[in-house]
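Line by line, the protein sequences are chains U and L. Just so you know, my numbering puts 240 at position 240 of the first sequence, and the rest follows in order with no gaps. Take any residue in the second sequence, count from 1 to its spot, add 1000: that is its number in my numbering. This report concerns only the one structure given below.
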Amino acid sequence: MRQVKHFLPVTQVVVPPDEAAAAQALREAACSDTAVYPIGGGTNLAYGLRPVRPGIGLSTARLAGIVSFPAQDLTVTVQAGLTIAELNKRLASERRWLPIDVAQPELATVGGVVATNVFGPRRFGYGTIRDYVLGFRAVDGQGEVFCGGGQVVKNAAGYNLPRLLVGSLGTLGFITQVTLMVQPRPQDSRIVMCDVREFEGVECLLAGLSRSRTLPVAIELLAGRPRPDCPFPQAPSGAVARLLVGFDGSQAEVDWMVRQLRKEWETGQAAGAASIRVLSDGELERTWSWLADFSGHLLIHVLPSEVVGVVQAMARLVPGASIQAHAGSGVIRVCWFRLAPSEADGEMFTADLREKLRPAVAAAGGSLVVLAAPDGAQLASSDVWGLPVDGADIMHAIRSRFDPKGILNPGRFIFGNP
Amino acid sequence: MRALRAAVGRENVLSASSELAVYECDAFTIQRQRPAAVVFPRSTAQVAAVLGVCRRFECPVVARGAGTGLAGGALPVPGGILLSLTRMNHILDVRLRDAMAVVEPGVLNLDLTRALAGSGYHFAPDPSSQGAATIGGNVATNAGGPHTLKYGVTVNHVLGLEAVLGDGLVVQLGPVENPAGLDLLGLLCGSEGTLAVLTKIWVRLTPDPLEWRTMRAVFETAEDATQAVSRIIAEGIIPAAMELMDQGILAAVEEAFHGGFPLDAGAVLVIELDGPAAGVDEDQRRVMEICRQGRAREVLHARSPAERELLWKCRKLAVGAVGRLSPSYMIQDGVVPRTRLPHILGRIAEIGRRHGVRIVNVAHAGDGNIHPILLFDERDRGQVQRALAAGRELLEECIACGGGITAEHGVGTEKVTLMEKLFGGADLEAMRRVRQSFDPAWRLNPGKKLLPGAKGPEKCGK
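Shown next, in the form of structure tokens:
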């Protein structure tokens, strides 16, 4: 609750026991024009603009069951408040999984993942939650329950409302139930790591990976200030970056891919892959979750061929930054940090963002959003979300039809701060 | 008409009655409607100009690719303009480093695949109509194909879209993702031309598999075959494709292509695995074992690329071969949870018997996506009516099984009245909100995908 109140202007948190109660709460809120802030596991409350309009929190904590899990159909239907850890535990019992990396899986919920579209290293091999949401139930801004999609893995009937909800930050509806496609859990997994001394060498390696005979599920690039709790020894001082390449599959497949990648890297030694090694069993799982746990302050998307340039620019513009790129997917996360922290950090962050970082990303044709800001940062919508995108008018029109009074998560997303 | 000619040039407008006849239906031939005119824009600006004209004259407009759609999505509307995108057919860019190609909507699916041959990449969606279908049409219907089992449907392979809205405004969504907004790109995929007209598509390219292992398993009954499908998935193996052909269609296929299929078999599965040899060899062994345990009479694997090609030719052209069985046919598209396949195939046979309609089946069995093919003679109104009734009933059965009325062909005009069987009133209303946010006047492809509610279209400006 303290965490919630830090980020959201709520006087109380309502915890409906079922969907009907959630709908009732929303109907009442609509009548009294009260803002409603949906809350899942509370792990991503810092994302977006800081809302100011007082209202109530609406928590999915008691909507946390598994509705059905026909394992042979590779689908699962769950209530939105189920945590990712609980979901994965249940899926694992049938040798299934949801291959989406989520930070703090013991707290983060399925509904929250859908609303915020969080992802991690394995995005390269598996996509995001967008590619897994088959259907949902939700309550709109007038307290009306609606569904979208279905329970089957392939469905062309109706508009793709499940995708519309992904990443909508709770502004179209309070999600109560989600049907997901799941996958067979791979038998085995490995990560191969190397150090690189020059950024030119990094681009050579990444371009090489795009032509590789192997099929990585993750291509992670680490640069800048090392993050704490790293599960493997630090890079030697001469390296500018570290590259980690992850594989999933049967044991035979993974073994073959690891051997093949080593071969490709060793014959291309000129490209600069130094101290190649395969992470040990002891390091492996910790490394996957350590990589998935990094959220950062900034989330940047570019085309994959622009990743190295932007990583280099970020390292130069923010000397204390920790940088992690899901390089195969064109995603860069930056943890902003000043070598000499001070009370003025919030202002410095805002200034950096406006004057240096956003322009650098724009020059590379990319997008940038703020996932979290240091305390004291006074951010406008254009700081957090950038300038309005193409189609913004349609987005506003959609929002106003699903939530005519603008009570769902007001002030957090691109729809302004009424 | 003069405004249209001014918008795209005289040579890009058809309005003579004889010329329009070709465009009065797509591959759903049961309904026909002659458009007022057909226009062939050659650029985004021309599409925008045409939509501007349609807006000025309050004239409905239907976008059309190659007209291979099976649900009447490109059926013209009375007094409306048909906007053919076939002359916007250039591959604009291929960027292998970013695993991306940029195409105009009229590029044929297979032409992109051919252009990429040897590059190490391909465009994964491979509907059976890929030799004729356009990528714009693939996006508009969110087309699938045999390999969607492993690789997903079209929406999973679209990185960006340029589209013209009903008011003539051009928007670009992607190809670089931007979390600062709603996923309009995801909405446009599969929207069947009811939200906007696509003018440029950034597609994701997929690395070519290192190896293929393609098998065919022959079963005494369709039920045994579908049980094997469930077992394979339950074992945690996701083949690249898992296709079923039943006895009815095997006869036609065999006569047409001489694939060596036994004519007395209940069903044949074509199963393809792909990936590095280290993985597919082991999976192949397991798949063959599961099929044998599941009472397969015979399990063979293609020993050469030529044998693999023959198997795929038989499967992909199977529907065309149906012409040997019947003067007319209608291919249905339904979907059920995979484990309900044995049930639905049994019900389809029963429905066919009851309506006196012969039904043969192909299916993307791994996805639970069935394609019953209803045979009839178009010249006999009674037969047509019986086939339509049987088709409708089997889709209602799919709904009853927890499935849906279309997996990859779209709703079009054919299934638009079934939407209310599948969705509740509030769900349809939610979709109408989307429709009205894009196109308040319902001018784009009206009567397809979704019908206006009792309240009718919202008035503009409201």
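Glycine residues also receive a C-beta, built at the ideal position from the N, C-alpha and C atoms.
The DSSP-derived three-state label of Val14/U is strand. For the pair Phe294/U and Val240/U, the CB atoms are not nearer than the 7 Å cut-off. Between Glu1396/L and Ala1143/L, the C-beta gap is not smaller than 7 Å, which leaves the two residues out of contact. For Lys1200/L, the enclosing beta strand (DSSP E) covers residues 1196 to 1204. Fewer than three pairs of CB atoms, one per stretch, sit closer than 8 Å, so the segment 319 to 330 of chain U makes no contact with the segment 1160 to 1174 of chain L.
Taken atom to atom, the span from the alpha-carbon of Ser367/U to that of Arg1097/L is near 19 Å.
Residues Pro231, Phe232 of the same chain have their beta carbon placed closer than 7 Å to that of Glu283/U, with the five preceding and five following residues left out of the count. Burial check for Val52/U: the Cβ neighbour count within 10 Å stays below 16, so the residue is exposed. Setting aside the 5 residues that flank it on each side, Ala1140/L is surrounded in the same chain by Glu1192, Gly1193, each with a C-beta closer than 6 Å to its C-beta; the list follows chain order. Within chain L, no C-beta atom comes less than 8 Å from the C-beta of Arg50/U; the nearest is roughly 16 Å away.
Cys335/U: member of the beta strand (DSSP E) spanning 331 to 335, first to last residue. Contact with chain L is found for Lys154/U, since one of that chain's Cβ atoms lies less than 7 Å from the residue's Cβ. The segment 1110 to 1164 of chain L contains, as complete alpha helix (DSSP H) runs of 4+ residues, the segments 1135 to 1141, 1148 to 1151 (chain order). Per DSSP, the unbroken alpha helix (DSSP H) holding Val1287/L starts and ends at 1277 to 1293. Under the Cβ criterion of 7 Å, Ala1234/L is counted among the residues facing chain U.
Contacts with chain L (Cβ-Cβ distance below 8 Å) from the segment 242 to 259 of chain U involve Gly249, Ser250, Ala252, Glu253, Asp255, Trp256, Met257, listed in chain order. Taken in chain order, the unbroken stretches of beta strand (DSSP E) that lie wholly in the segment 1349 to 1411 of chain L and span 3 residues or more are 1358 to 1364, 1369 to 1376. Gly1069/L: not part of any beta strand (DSSP E); DSSP gives it neither H nor E. If you look at Phe124/U, you'll find it in the alpha helix (DSSP H) that goes 123 to 126. Boundaries of the alpha helix (DSSP H) around His396/U: 392 to 402.
Judged by DSSP secondary structure, Leu244/U falls within the beta strand (DSSP E) whose first and last residues are 241 to 249. Met1001/L counts as exposed, since fewer than 16 other beta carbons sit within 10 angstroms of its beta carbon. Residue environment analysis places Cys1401/L among the buried positions, since at least 16 neighbouring C-beta atoms fall within 10 angstroms of its C-beta. Secondary structure remark: continuous beta strand (DSSP E) runs of at least 3 residues inside the segment 24 to 108 of chain U, in chain order: 35 to 39, 55 to 59, 66 to 68, 75 to 79. Contact between Thr1044/L and Lys1200/L holds, with the beta-carbon distance rounding to 7 Å and staying under 8 Å. Lys89/U counts as exposed, since fewer than 16 other beta carbons sit within 10 angstroms of its beta carbon. Rounded to whole angstroms, the Cβ separation of Val1270/L and Arg1315/L is 5 Å, and the two are in contact under 8 Å. Under a criterion of Cβ atoms nearer than 9 Å, no residue of chain U is adjacent to His1090/L; the nearest Cβ is some 21 Å distant. With respect to chain L, the C-beta atom of Asn88/U has no partner C-beta closer than 7 Å.
Here Ala46/U has Phe7, Leu371, Ala372, Ala373 as same chain residues with Cβ atoms under 8 Å from its own Cβ, once five neighbours each way along the sequence are excluded. The distance from the Cβ of Val331/U to that of Arg123/U is about 7 Å, consistent with a contact at the 8 Å cut-off. Among the residues facing chain U, Asn1178/L is included, as its CB has a counterpart in that chain under 7 Å away.
The beta carbon of Gly346/U sits closer than 8 Å to the beta carbons of Ala373, Pro374, Asp375, Gly376, Ala377, Gln378 from its chain, once the five residues preceding and following it are set aside; these are given in chain order.
According to the DSSP secondary-structure assignment, His1301/L is paired through a beta bridge with Met1215/L. Each of Gln1033/L, Leu1083/L, Gly1073/L, Arg1034/L was checked against the Cα of Ala1007/L, and the nearest Cα belongs to Leu1083/L. When Gly112/U, Gly55/U, Trp97/U, Ala92/U are compared, the shortest CA-CA separation from Gln79/U is found for Gly112/U.
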